[in-house]
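Student:
Protein chains: 2
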Amino acid sequence: MTAESPSQKGGTVGKAMEVLDCVARFGQPVRFSQILEVSHFPKPTLYRLVRTLADLGMLDHDADKDTYMPGRRLLKLAHVAWAQFSLASIARPHIDRLGQQVSETIHLAQLDQGQVLYVDKRNGRDPVEMYSQAGKVGPTYCTGVGKAMLAFLTPEEQERVIALQSFHRFTPHTLVTPEALRARLETIRAQGYALDEEEHETGIICIAMPVLNGSGRVLGSVSITDTVLRTTWAALKEKLPLLRETVERIGHDAQDWHYPGI
Amino acid sequence: MTAESPSQKGGTVGKAMEVLDCVARFGQPVRFSQILEVSHFPKPTLYRLVRTLADLGMLDHDADKDTYMPGRRLLKLAHVAWAQFSLASIARPHIDRLGQQVSETIHLAQLDQGQVLYVDKRNGRDPVEMYSQAGKVGPTYCTGVGKAMLAFLTPEEQERVIALQSFHRFTPHTLVTPEALRARLETIRAQGYALDEEEHETGIICIAMPVLNGSGRVLGSVSITDTVLRTTWAALKEKLPLLRETVERIGHDAQDWHYPGI
DNA sequence: ATTTTAGTTTCATTATTTGAGACTAAATGA
DNA sequence: TCATTTAGTCTCAAATAATGAAACTAAAAT
Numbered sequence: 001m002t003a004e005s006p007s008q009k010g011g012t013v014g015k016a017m018e019v020l021d022c023v024a025r026f027g028q029p030v031r032f033s034q035i036l037e038v039s040h041f042p043k044p045t046l047y048r049l050v051r052t053l054a055d056l057g058m059l060d061h062d063a064d065k066d067t068y069m070p071g072r073r074l075l076k077l078a079h080v081a082w083a084q085f086s087l088a089s090i091a092r093p094h095i096d097r098l099g100q101q102v103s104e105t106i107h108l109a110q111l112d113q114g115q116v117l118y119v120d121k122r123n124g125r126d127p128v129e130m131y132s133q134a135g136k137v138g139p140t141y142c143t144g145v146g147k148a149m150l151a152f153l154t155p156e157e158q159e160r161v162i163a164l165q166s167f168h169r170f171t172p173h174t175l176v177t178p179e180a181l182r183a184r185l186e187t188i189r190a191q192g193y194a195l196d197e198e199e200h201e202t203g204i205i206c207i208a209m210p211v212l213n214g215s216g217r218v219l220g221s222v223s224i225t226d227t228v229l230r231t232t233w234a235a236l237k238e239k240l241p242l243l244r245e246t247v248e249r250i251g252h253d254a255q256d257w258h259y260p261g262i
Numbered sequence: 001m002t003a004e005s006p007s008q009k010g011g012t013v014g015k016a017m018e019v020l021d022c023v024a025r026f027g028q029p030v031r032f033s034q035i036l037e038v039s040h041f042p043k044p045t046l047y048r049l050v051r052t053l054a055d056l057g058m059l060d061h062d063a064d065k066d067t068y069m070p071g072r073r074l075l076k077l078a079h080v081a082w083a084q085f086s087l088a089s090i091a092r093p094h095i096d097r098l099g100q101q102v103s104e105t106i107h108l109a110q111l112d113q114g115q116v117l118y119v120d121k122r123n124g125r126d127p128v129e130m131y132s133q134a135g136k137v138g139p140t141y142c143t144g145v146g147k148a149m150l151a152f153l154t155p156e157e158q159e160r161v162i163a164l165q166s167f168h169r170f171t172p173h174t175l176v177t178p179e180a181l182r183a184r185l186e187t188i189r190a191q192g193y194a195l196d197e198e199e200h201e202t203g204i205i206c207i208a209m210p211v212l213n214g215s216g217r218v219l220g221s222v223s224i225t226d227t228v229l230r231t232t233w234a235a236l237k238e239k240l241p242l243l244r245e246t247v248e249r250i251g252h253d254a255q256d257w258h259y260p261g262i
């Protein structure tokens, strides 16, 4: 009747997905009572939702400790999602190639609801952390990949995304106002690439460039990351031509693919 | 009333997950009518489910081509699932280590509903195909990782899993009867490791060993894979001590972790 | 032995899902 | 051009499933 609001639209399925998010947000196995605390559902309702999700394999239930965590079925579904995820699959060979040319860490990201969604990663030097990035989300206003995309959106899109940012100060270098960010975006747009000057994590710097299709539409972005201990800005910027070549090739291959929303 | 059967239990949420599976099974963006063909739901019901899932981000909708595919939200959820996925996270450092010691491809797998679920992969030689495995499922009866696990289950569990196998002949070497498989499993149990002698894919061979906890319970398995063009059985079997060391270390670290079901 | 806490079940009420059929728009064909 | 098929969307009364206050159980904690 009256305009409801909580957070999510949708009926029963939407509620179930909310529960899934709740559990995922913990980042560790949780008990039913813990989910109850953070969710706004009445106890029996939540109980049934959790059980249903567990029965369906969307949550895994550890019977011993009586805890829940995101289920294996998600892994299988995400495997398919990733494999057909247009930009990731189109970009793969080019990201591979760049990975062989440079020894630094490479990220491929897209915008998703104002946030950066990492969809691929290569780890030149260390073979660690393989799966750790794809599917991860991060802030847009203080990462190289985020700013690179933001800078090349249309003014309207740009404002819409800026309005979604939280402007949390991660480091002393984080840009924490829309004004500061807008000014920086102008520079980025002018020079064609973005830098992350330890804005998200102290000691971590990167160069990033947007992936644009023929019409100049932002599809995603690619970054090369390293630490201040291992590299210098001069050395990192030497990779710009390789990075440019990579994003151009991806943009070319993704010509007629259009990005689903911002 | 009468015993229903179709496939899935569950109410509305279960149906929605069924639709998700349907879409995933295609392995490519699909139109509504294609989903309609393979699903057993009436048109308007399916329509609403698909729309709901798309609204929730579980499916991505390409408005131009009017196609659906598994959504980005799944990627985010699976990212968390994988990160806390006990065996994968416990095993990670050990798999990393093995990856540095050998140049072949390494897989970490678990059993999930009678199938092999790959949860991690390292690709020694080529940096390609990074994401392509975790979340992937495969047959148990004709892969190294599958047979290694199967051989060390209790007899009851073993029979339960064997009953779930389809025994499709992938290559001339595939074992296609329960009897042949049982005989092979006995050998595997005796010698402590499993081989894949081109049973799943011609030209691909591997050695695999189960990850067991202190009580001898199967938690998963690890394999080292190569092609017949690049290696010989003698060369591959030389890696057995490294493999044994790896699975023992994982088993040790996973001591009190108990595997969720078979 | 008593109280508290965490998980589970019940069941009448309520809200959502259901699906035959109707409708629209666009593509196909004669 | 106009009929015809096809793909997608909408409607609404009927059928069904979800809801949640309250009660219950089991196991800790006091």
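Going down the list, the sequences are from chains D and F. FYI, full-length UniProt numbering numbers position 68 of the first sequence as 68, with every residue one higher than the one before it. FYI, full-length UniProt numbering numbers position 247 of the second sequence as 247, with every residue one higher than the one before it. A virtual CB, placed ideally from N, CA and C, is assigned to each residue, including glycine.
Runs of 4 residues minimum, wholly inside the region 128–197 of chain D: which ones carry the alpha helix (DSSP H) assignment?
Tutor: Those alpha helix (DSSP H) runs which fall completely within the region 128–197 of chain D and span 4+ residues are 144–151, 155–162, 178–191.
Student: Leaving out five residues on either side along the sequence, give the residues of the same chain with a beta carbon under 8 angstroms from the beta carbon of F/D96.
Tutor: Excluding positions up to five away in sequence, the list reads R122.
Student: In its own chain, which residues sit with a C-beta less than 7 angstroms from the C-beta of F/L242, not counting the 5 before and 5 after it?
Tutor: Once the five neighbours on either side are set aside, the close Cβ partners of F/L242 are L98, Q101, V102.
Student: Name the chain D residues whose beta carbon is nearer than 7 angstroms to that of F/V137?
Tutor: In chain order: K76.
Student: Is F/D62 helix, strand or coil by DSSP?
Tutor: Strand.
Student: Count the other CB atoms within 10 Å of the CB of D/S33; is the residue buried (16 or more) or exposed (fewer)?
Tutor: Under this definition D/S33 is an exposed residue.
Student: With a threshold of 7 angstroms between beta carbons, is D/L252 in contact with chain F?
Tutor: The amino acid at residue 252 of chain D is misidentified as Leu; the sequence shows His. Chain F contact via Cβ: absent.
Student: Which residues in chain F have a C-beta closer than 8 angstroms to the C-beta of D/P210? List them in chain order.
Tutor: Ordered by position in chain F, no residue passes the 8 angstroms Cβ test against D/P210, which lies about 19 angstroms from the chain.
Student: 7 angstroms is my cut-off, CB to CB: does F/L87 come that close to chain D?
Tutor: By this cut-off, F/L87 is not an interface position.
Student: Just to confirm, is the Cβ distance from D/E197 to D/H173 under 7 angstroms?
Tutor: Cβ atoms of D/E197 and D/H173: closer than 7 angstroms.
Student: What does a CB cutoff of less than 7 angstroms around F/D253 pick up in its chain, not counting 5 residues either side in sequence?
Tutor: Cβ within range, chain order: I90.
Student: Could you check how far apart the C-beta atoms of F/G203 and F/T227 are, in whole angstroms? I think they sit under 8 angstroms.
Tutor: Right, the Cβ-Cβ distance comes to about 5 angstroms (below 8 angstroms), so this counts as a contact.
Student: In the DSSP output, what is D/G220 paired with across the bridge?
Tutor: In the DSSP output, where bridge partners are listed per residue, D/G220 has D/V211.
Student: Starting from D/L108, follow its DSSP beta bridges and name the residues at the other end.
Tutor: Paired residues: D/D120, D/V222.
Student: Please list the partners that D/A16 has in chain F, where partner means a Cβ-to-Cβ separation under 7 angstroms.
Tutor: Correct list: V13.
Student: For D/L212, I'd like the list of residues in its chain whose CB is within less than 8 angstroms of its CB, leaving aside the five on either flank, ordered along the chain.
Tutor: Once the five neighbours on either side are set aside, the close Cβ partners of D/L212 are F152, V218, L219, V247, G251.
Student: What does D/M58 touch in chain F if you count any residue whose Cβ is under 9 angstroms from its own?
Tutor: Going along chain F in sequence order, the residues near D/M58 (Cβ under 9 angstroms) are V13, M17, L77.
Student: If you count every other CB in all the chains shown that lies within 10 Å of the CB of F/P93, and 16 or more means buried, which is it?
Tutor: Classification of F/P93: exposed, given that the 10 Å Cβ count is below 16.
Student: Based on the DSSP secondary-structure assignment, which residues constitute the bridge partners of F/P70?
Tutor: F/L59.
Student: At a Cβ threshold of 7 angstroms, is F/G80 touching chain D?
Tutor: Note on residue identity: the sequence assigns Val, not Gly, to residue 80 of chain F. Closer than 7 angstroms to some Cβ of chain D, the Cβ of F/V80 qualifies, so yes.
Student: Looking only at its own chain, which residues have a Cβ that is under 7 angstroms from the Cβ of D/K239, when we skip the five neighbours before and after it?
Tutor: Result list for D/K239: V102, I207, I224, in chain order.
Student: Using a Cβ cut-off of 8 angstroms, which residues of the region 213–242 of chain F contact any Cβ in chain D, in chain order?
Tutor: Hits within the stretch: zero.
Student: Does DSSP put F/T232 in a helix, in a strand, or in coil?
Tutor: F/T232 falls in the coil class under three-state DSSP.
Student: Between D/M149 and chain F, is there a C-beta pair that is closer than 7 angstroms?
Tutor: It does not; no Cβ of chain F falls within 7 angstroms.
Student: For D/A16 and D/L49, what's the separation of their Cα atoms in angstroms?
Tutor: Distance between the alpha carbons of D/A16 and D/L49: 6 angstroms.
Student: With DSSP collapsed to three states, give me the class of D/T2.
Tutor: Since pLDDT at D/T2 reaches only 31, below the 50 mark, its modelled position is unreliable, and the value read off the structure follows with that caveat. Three-state result, D/T2: coil.
Student: For D/A54, which residues in the same chain have their Cβ closer than 6 angstroms to its Cβ, ignoring the five residues on either side in sequence?
Tutor: Same-chain partners within the cutoff: H61.
Student: Go ahead and pull the three-state DSSP assignment for D/T12.
Tutor: Helix at D/T12.
Student: Who are the Cβ neighbours of F/S166 in its own chain at under 6 angstroms, not counting the five residues just before and after it?
Tutor: Answer for F/S166: no residue qualifies.
Student: Around the C-beta of D/G135, are 16 or more other C-beta atoms found within 10 angstroms, so that it is buried, or is it exposed?
Tutor: By the 10 Å Cβ count, D/G135 comes out buried.
Student: For D/T202, name the three-state secondary structure that DSSP assigns.
Tutor: D/T202: coil per DSSP, three-state reduction.
Student: Indicate whether D/M69 and D/P29 have their beta-carbon atoms separated by less than 7 angstroms.
Tutor: Result yes, Cβ atoms of D/M69 and D/P29 sit closer than 7 angstroms.
Student: What residue range does the alpha helix (DSSP H) around D/Q34 cover?
Tutor: Where D/Q34 is concerned, the enclosing alpha helix (DSSP H) stretches over 32–38.
Student: Starting from the beta carbon of F/G27, find every residue of chain D whose beta carbon is closer than 8 angstroms, and list them in chain order.
Tutor: Per Cβ cutoff of 8 angstroms: V80, A83, Q84.
Student: Output yes if chain D places a C-beta closer than 7 angstroms to the C-beta of F/P70; else output no.
Tutor: At least one chain D Cβ lies under 7 angstroms of F/P70.
Student: So D/E248 is in the alpha helix (DSSP H); what residue range does that whole segment cover?
Tutor: Residues 240–253.
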